[in-house]
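Residue numbers (full-length UniProt numbering): 1 to 175.
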């Protein structure tokens, strides 16, 4: 697991739902194929990439900075997380997450940090550096800094193992 993640920010507001991240017409046809879902990530939120395969990935954003209730308001499926991973997203920072959105991110080894006030520190295109161990987040473009809620040791173990399933597979192999 990378303890420090650096990348380019894409910001979105409050209540970005699972359907904004990956439309129903996409996830019902592909299952949880990360590469296929990644082609269509965020096409419901970014109009200029609608129907453009890998449009979001090609914009170069690798870190999401979101408002309240990110990845909520829809189904409790893992498809939105797989779509973000397939589009190259390495980290999600949000004012708050839906419970299942946060769990699904961690279960698929996509770091997700709750960070009140994050939207005031970053804008789309800024360069960001985040320390997963401490929750410290730096805006490399403006010099701004903010602290998120550090991930627990258990969550760090899940991410480090490659997700929930791989974590328990590793435990079972040791027995």
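Glycine included, each C-beta is placed from N, C-alpha and C at the ideal position.
Quick caveat, the model's predicted, so the values are computed rather than measured.
Could you tell me the boundaries of the beta strand (DSSP E) in which residue i lies?
{"i": "residue 10", "result": "4-11"}
{"i": "residue 127", "result": "127-131"}
{"i": "residue 94", "result": "91-94"}
Rounded to whole angstroms, what is the Cα-Cα separation between residue i and residue j?
{"i": "residue 30", "j": "residue 84", "result": "15 Å"}
{"i": "residue 7", "j": "residue 41", "result": "18 Å"}
{"i": "residue 3", "j": "residue 82", "result": "21 Å"}
{"i": "residue 121", "j": "residue 143", "result": "9 Å"}
{"i": "residue 50", "j": "residue 134", "result": "37 Å"}
{"i": "residue 32", "j": "residue 104", "result": "12 Å"}
{"i": "residue 166", "j": "residue 52", "result": "32 Å"}
{"i": "residue 126", "j": "residue 150", "result": "22 Å"}
{"i": "residue 47", "j": "residue 56", "result": "10 Å"}
{"i": "residue 59", "j": "residue 43", "result": "12 Å"}
{"i": "residue 163", "j": "residue 141", "result": "31 Å"}
{"i": "residue 130", "j": "residue 5", "result": "5 Å"}
{"i": "residue 69", "j": "residue 102", "result": "10 Å"}
Check each candidate in the options and name the one with the smallest Cα separation from residue i.
{"i": "residue 91", "options": "98, 152, 49 and 66", "result": "66"}
{"i": "residue 37", "options": "45, 44, 46 and 26", "result": "26"}
{"i": "residue 106", "options": "19, 93, 117 and 116", "result": "93"}
{"i": "residue 86", "options": "39, 136 and 121", "result": "39"}
{"i": "residue 146", "options": "136, 153 and 108", "result": "136"}
{"i": "residue 64", "options": "153, 112 and 165", "result": "112"}
{"i": "residue 10", "options": "45, 165 and 34", "result": "45"}
{"i": "residue 161", "options": "110, 54, 125 and 13", "result": "110"}
{"i": "residue 116", "options": "54, 24, 96 and 23", "result": "96"}
{"i": "residue 12", "options": "123, 173, 169 and 171", "result": "123"}
{"i": "residue 24", "options": "14, 78 and 168", "result": "78"}
List the whole-angstrom C-beta distance separating residue i from residue j, where the pair is believed to meet the contact cut-off of C-beta under 8 Å.
{"i": "residue 100", "j": "residue 76", "result": "4 Å"}
{"i": "residue 72", "j": "residue 17", "result": "6 Å"}
{"i": "residue 128", "j": "residue 139", "result": "6 Å"}
{"i": "residue 155", "j": "residue 1", "result": "In fact, because the Cβ distance is near 11 Å, the residues do not count as touching under 8 Å."}
{"i": "residue 80", "j": "residue 21", "result": "4 Å"}
What does residue i pair with, by DSSP beta-bridge criteria?
{"i": "residue 145", "result": "138"}
{"i": "residue 72", "result": "17"}
{"i": "residue 113", "result": "93"}
Could you give the residue range of the alpha helix (DSSP H) that holds residue i?
{"i": "residue 82", "result": "79-86"}
{"i": "residue 18", "result": "18-21"}
{"i": "residue 66", "result": "Residue 66 -> not in any alpha helix (DSSP H); beta strand (DSSP E) instead, spanning 63-66."}
{"i": "residue 153", "result": "153-161"}
{"i": "residue 57", "result": "55-59"}
{"i": "residue 28", "result": "24-30"}
{"i": "residue 102", "result": "99-107"}
Could you tell me whether any Cβ in chain C is nearer than 8 Å to the Cβ of residue i?
{"i": "residue 54", "result": "Absent from the structure is chain C; it holds one protein chain and no more."}
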